[in-house]
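J.: I am attaching a structure below and will ask some questions about it afterwards.
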Amino acid sequence: MDFSFTYLLDGLWTACSPINIFWAAVGCLVGTLVGVLPGIGPTSGIAILLPLTAKLGDPTGSIIMLAAIYYGAMYGGSTTAIMVNIPGEASSVCTAIDGFQLAKQGRGGPTLAICAISSWVAGTLGVIGLSFFAPPLASLALKFGPPEYFSLMFMALALIISLAGRALLKGLIAASFGLLISYIGQNPLTGTSRLTFGSLDLMGGIDFISVIIGLFAISEVFSNVEKHTRYMLAHSKVDWKPKWAEVLYCRFAMLRASVVGFFLGLLPGCAPAVTTFIAYDVEKRFSKHPEKFGNGAIDGVAAVEAANNATSSAGFVPLFAFGLPTGPALAVLLGGFMMYGLTPGPMLFQEQPGFVWAIIASMYVGNLLCLLLNLPLISIWARIAVIPFPVLGPLILIFSVIGAYSVRFLMFDVWMALLFGVIGYLMRKFRFPVPPLILAVVLAQMMETSLAQSLMLSDGSLSIFFTRPIAAFFMCLAFLAIARGVWKQAKSDGLEDACACDSDD
Amino acid sequence: MSSLRHADIVSGLVCTCFGSAMISQALKIENLFDEPLPPGTLPLSLSIIVLTLGLFLAFRAWRYTGEDVEVVWPAPDGWLNILVTIAALSALYLLMPILGLPISAFLFTTGLIWFYDRKLTFALPVGLGIGLLFHYIFIKFLQMPYPLGILE
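Right, here's the structure in full:
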């Protein structure tokens, strides 16, 4: 698979044909709606439409549309996280942390616009990476074995120190609690039942979407009903246009997060949920105003959205180069390729160059369409601010319930969302930081699996994490972050008090 | 628990109890295969960590003598709102398998908007809209397997 401008230009010519632009636009629109609607993620969206595309009979148009649904969903996913504090998926959690604070200040519209611009920048940079460097990058991703994965996850877990703010001890408790609840259910490698208290429901584990929805959306409603809130968001002006100064202010955040998201997104299994947390922390360290993070940092939101989209674009690199899907949505998309008798991999580039380059080129067009489609929609989403809370609150709750139920179609999950809503409410009152809990829940399964696999490789020796260069590099970064956090904590005294974002009292 | 110091003591002790309960469960996990990382290792370690950190939090708050921070609890009507919201959600969960999602979502949305606002002007149309949205878009068009209950 070699890059050639001729192939790319041919691909652009095909992608820009009216019918393919139409399918890309349909995909972007459906993807945006799929992202906005809680409970229907890109995986379900592609899976639902996959059989319908068979009727089109045109593999290029079908795959262009399905790919557009995938990256279009990344554009729409931030909407509910920002406007009503419902992160429909784990990758939107960091968006909700700062985005919802900005929406409360009456800046929901401009924040959504920054998200769309950031998504477009990162999506386009990701496609450039895919076009020019796919083979060497895909080979780099294959150098990641279980020890490298574990050390990367360990480094991500060390971000708890940063996310906990002034409440390190409470942050550690929240993270340990998050890890522990993630281990409820069956061991991923052996199937051994754990921590279930004999309950059959708990055998299936606690789904992290229920945890996220409970901790964010339901607890937010509780916090508002106790105060008889009339309007949850500042509604004096329904503005949606971002200031150019803000876009310029966020430009480096977008670029940095695009790089972080793209390189981490090359790794199979490294979901946007992980990369967004890492990009958020990186941006906090680079920011001139780190104190704003958690209280409404626009550059934090821009970074998270950029990382999210760059990760989704990067996922196409191993998919096209080796036929290796990095996540469930791309696995379904791979099914779409196979439905047409196409097997992604180096041979596909030789046998069907016109098809492959048309798909890649369509992503440039698709990302632009997503931006053009999302900017006008923002003026509609921004009007959520004028809905009085007595109406908005029940709507948030009903969509939260649907979001939690739709993952596995189990009533157990909606009960868990309610339980975590109560836990989230009490965590706000007792000033426990919520993000470390979420990060731990997101990382838990992958950490355990990669740790177990690493120990199998090394016959139980932990030295494997320090003898392999990439793993050792991440471990050193993790220990440095931990040492820095502990040192800062040791210097402070007083009661543990999480940042204002977790406590609205 | 009107002060953060008291809240920390209570939450520390709750974490200790939770950690103890998890330790009792973690000790029951069987190691069926001879693995380098037995399935009970991480749960047991984390349970001990939660217990220890909980105790430390409670002890640190108990020893604390500096300026305290107030925890603002809701007024009685605020508690009522929270309890009614929890009760409404529980009722929704219980009714969903019987009445189906569209009808129970209609009842839930209408009832809760009416409770918060005391006006049916918004409650009825919004509730009806939600019920129809779920029925026609989610169930009929997208064919999502939501419970239909008596509508089946």
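These protein sequence lines map, in sequence, to chains A and B.
Per the numbering used here: the first sequence ends with 994, consecutive numbering throughout.
Per the numbering used here: the second sequence ends with 185, consecutive numbering throughout.
Ideal Cβ positions, reconstructed from N, Cα and C, are used throughout, including at glycine.
1. Using C-beta distances below 7 Å, list every residue in its chain close to D788 (chain A), excluding the 5 sequence neighbours before and after it, in chain order.
2. In the structure shown, what three-state DSSP assignment does G674 (chain A) receive?
3. Looking only at C-alpha atoms, which of A:L526, A:I535, A:W502, A:G524 sits nearest to V821 (chain A)?
4. Counting only C-beta atoms, is E185 (chain B) closer than 8 Å to chain A at any point?
5. What's the C-alpha gap between P107 (chain B) and Y149 (chain B)?
6. What is the rounded straight-line gap between the Cα of L522 (chain A) and the Cα of G87 (chain B)?
7. Have a look at the DSSP bridge pairing and note the partners of S682 (chain A).
8. Checking contacts by CB at 8 Å: is I131 (chain B) closer than that to chain A?
9. Does I82 (chain B) have its Cβ less than 8 Å from a Cβ in chain E?
10. Whether or not the region 102-120 of chain B and the region 835-848 of chain A are in contact is what I'm after, with contact meaning three or more pairs of Cβ atoms, one per stretch, closer than 8 Å; do they touch?
11. Within 8 Å (strictly less), CB to CB, does E937 (chain A) reach chain B?
12. Helix, strand or coil for E794 (chain A), going by three-state DSSP, please let me know.
13. By how many angstroms is the C-alpha of L132 (chain B) removed from the C-alpha of L184 (chain B)?
14. At what residues does the alpha helix (DSSP H) containing I172 (chain B) begin and finish?
15. With a 10 Å radius around its C-beta and 16 neighbouring C-beta atoms as the bar for buried, classify C988 (chain A) as buried or exposed.
16. Roughly how many whole angstroms lie between the Cα atoms of Q594 (chain A) and M563 (chain A)?
17. Let me see if you follow: with CB-CB separation under 8 Å, is P158 (chain B) close to chain A or not?
18. Quick one: is H778 (chain A) buried, meaning 16 or more other Cβ sit within 10 Å of its Cβ, or exposed?
19. Going by the beta-carbon positions, is the gap between L652 (chain A) and G660 (chain A) smaller than 8 Å?
20. With DSSP collapsed to three states, give me the class of P178 (chain B).
21. Would you grab the beta carbon distance between G612 (chain A) and A557 (chain A) for me? Rounded to a whole angstrom, and I think it's under 8 Å.
22. Taking 8 Å as the CB-CB cut-off, is K977 (chain A) touching chain B?
23. According to DSSP, is E185 (chain B) part of a helix, a strand, or is it coil?
24. Can you grab the Cα-Cα spacing for the pair M852 (chain A) / W512 (chain A), in whole Å?
25. Classify P180 (chain B): buried if its beta carbon has 16 or more other beta carbons within 10 angstroms, exposed otherwise.
26. First and last residue of the alpha helix (DSSP H) that includes T735 (chain A)?
27. Could you tell me whether the Cβ of I115 (chain B) comes closer than 8 Å to any Cβ of chain A?
28. Report yes or no: is there a C-beta of chain A within less than 8 Å of the C-beta of C48 (chain B)?
29. Closest to F589 (chain A) by CA distance: which of A:V790, A:P507, A:A906, A:L946 is it?
30. Quick one: which chain A residues come within Cβ less than 7 Å of S35 (chain B)?
31. Looking at the structure shown, is E937 (chain A) part of a helix, part of a strand, or coil, going by DSSP?
32. According to a CB-to-CB cut-off of less than 9 Å, which residues of the region 81-103 of chain B neighbour chain A?
33. Would you call the region 628-641 of chain A and the region 907-926 of chain A in contact, with 3 or more CB pairs under 8 Å?
34. How about L125 (chain B): is its C-beta nearer than 8 Å to some C-beta of chain A?
35. Could you run through the region 918-931 of chain A and flag, in chain order, every residue whose CB is less than 9 Å away from some CB of chain B?
36. Are T142 (chain B) and I163 (chain B) close, meaning C-beta to C-beta below 8 Å?
T.: Once the coordinates are examined:
1. Residue mapping note: residue 788 (chain A) aligns to position 299 of the first sequence, counting from 1. Result list for D788 (chain A): Y738, C739, A742, E772, S776, in chain order.
2. Here residue 674 (chain A) corresponds to residue number 185 of the first sequence, with the count starting at 1. Strand at G674 (chain A).
3. Indexing the first sequence from 1 puts residue 821 (chain A) at position 332. Of the candidates A:L526, A:I535, A:W502, A:G524, the one whose C-alpha sits nearest the C-alpha of V821 (chain A) is A:I535.
4. For the purposes of this step, residue 185 (chain B) is taken as the residue at position 152 of the second sequence. Cβ-Cβ to chain A under 8 Å: no for E185 (chain B).
5. Taking the first residue of the second sequence as 1, we reach residue 107 (chain B) at position 74. Taking the first residue of the second sequence as 1, we reach residue 149 (chain B) at position 116. Per the coordinates, the alpha-carbon of P107 (chain B) lies some 16 Å from the alpha-carbon of Y149 (chain B).
6. Here residue 522 (chain A) refers to the residue found at position 33 when the first sequence is read from its first residue. Here residue 87 (chain B) refers to the residue found at position 54 when the second sequence is read from its first residue. Those two C-alpha atoms are separated by around 43 Å.
7. Along the first sequence, one-based indexing puts residue 682 (chain A) at 193. Bridge partners of S682 (chain A): A:Q675.
8. Looking up residue 131 (chain B) in the second sequence gives position 98. No, its Cβ sits nowhere closer than 8 Å to a Cβ of chain A.
9. No chain E is present in this structure, whose protein chains are A and B.
10. no
11. Counting from 1 along the first sequence, the entry for residue 937 (chain A) is found at position 448. Judged by the 8 Å Cβ criterion, E937 (chain A) is in contact with chain B.
12. Taking the first sequence and counting its residues from 1, the one referred to as residue 794 (chain A) is at position 305. Note: E794 (chain A) maps to helix in three-state DSSP.
13. Looking up residue 184 (chain B) in the second sequence gives position 151. Looking up residue 132 (chain B) in the second sequence gives position 99. The straight-line gap from Cα to Cα measures roughly 7 Å.
14. As a first step, residue 172 (chain B) must be located in the second sequence, where it is residue number 139. Premise fails: I172 (chain B) is in no alpha helix (DSSP H) and is neither H nor E.
15. Working through the first sequence from its first residue, we reach residue 988 (chain A) at position 499. With a pLDDT of 47 at C988 (chain A), under the threshold of 50, the modelled position of that residue is not reliable, and the figure given next carries that caveat. With 16 or more other Cβ atoms within 10 Å, it is buried.
16. Here residue 594 (chain A) refers to the residue found at position 105 when the first sequence is read from its first residue. Here residue 563 (chain A) refers to the residue found at position 74 when the first sequence is read from its first residue. Cα to Cα, Q594 (chain A) sits roughly 24 Å from M563 (chain A).
17. What you label residue 158 (chain B) is simply residue 125 of the second sequence in a count that begins at 1. Answer no: the Cβ-Cβ gap between P158 (chain B) and chain A never drops below 8 Å.
18. In the first sequence, counting from the first residue as 1, residue 778 (chain A) sits at position 289. Burial call: exposed.
19. As a working note, residue 652 (chain A) is residue 163 in the first sequence. As a working note, residue 660 (chain A) is residue 171 in the first sequence. Their beta carbons are under 8 Å apart, which means L652 (chain A) touches G660 (chain A) by this criterion.
20. Counted from its first residue, the second sequence places residue 178 (chain B) at position 145. Three-state result, P178 (chain B): coil.
21. Position 123 of the first sequence, counting from 1, holds the residue named residue 612 (chain A). Position 68 of the first sequence, counting from 1, holds the residue named residue 557 (chain A). Not confirmed; about 11 Å, so no contact.
22. In the first sequence, residue 977 (chain A) corresponds to position 488, counting from 1. No, K977 (chain A) lies away from the interface with chain B (no Cβ there is under 8 Å from its Cβ).
23. Position 152 of the second sequence, counted from the first residue, corresponds to residue 185 (chain B). In the structure shown, E185 (chain B) sits in coil (DSSP, three-state: anything other than H, G, I, E or B).
24. Along the first sequence, read from residue 1 onward, the residue named residue 852 (chain A) stands at position 363. Along the first sequence, read from residue 1 onward, the residue named residue 512 (chain A) stands at position 23. Straight-line Cα distance between these residues: approximately 12 Å.
25. Here residue 180 (chain B) is taken as the residue at index 147 of the second sequence, counted from 1. Under this definition P180 (chain B) is a buried residue.
26. Reading the first sequence from its first residue, position 246 is the one you call residue 735 (chain A). In the sequence as presented, Thr is not what sits at residue 735 (chain A); that position holds Glu. Its alpha helix (DSSP H) spans residues 733-738.
27. Sequence index remark: in the second sequence, residue 115 (chain B) carries index 82 (1-based). True, the Cβ-Cβ gap to chain A drops below 8 Å.
28. As a position in the second sequence, residue 48 (chain B) is number 15, starting the count at 1. Yes - at least one Cβ of chain A is within 8 Å of the one on C48 (chain B).
29. Within the first sequence, numbered from 1, the residue matching residue 589 (chain A) stands at position 100. Closest option to F589 (chain A), Cα to Cα, is A:V790.
30. Position 2 of the second sequence, counted from the first residue, corresponds to residue 35 (chain B). None at all; the shortest Cβ gap to chain A is about 11 Å.
31. Along the first sequence, read from residue 1 onward, the residue named residue 937 (chain A) stands at position 448. Three-state result, E937 (chain A): helix.
32. I82, V83, L86, G87, F89, L90, R93, A94, Y97, G99, E100, D101, V102, E103
33. no
34. Counting from 1 along the second sequence, the entry for residue 125 (chain B) is found at position 92. Closer than 8 Å to some Cβ of chain A, the Cβ of L125 (chain B) qualifies, so yes.
35. Against chain B - using a Cβ distance shorter than 9 Å - the residues of the region 918-931 of chain A are K918, F919, R920, F921.
36. Here residue 142 (chain B) refers to the residue found at position 109 of the second sequence. Here residue 163 (chain B) refers to the residue found at position 130 of the second sequence. In this structure, I163 (chain B) lies closer than 8 Å to T142 (chain B) by Cβ.
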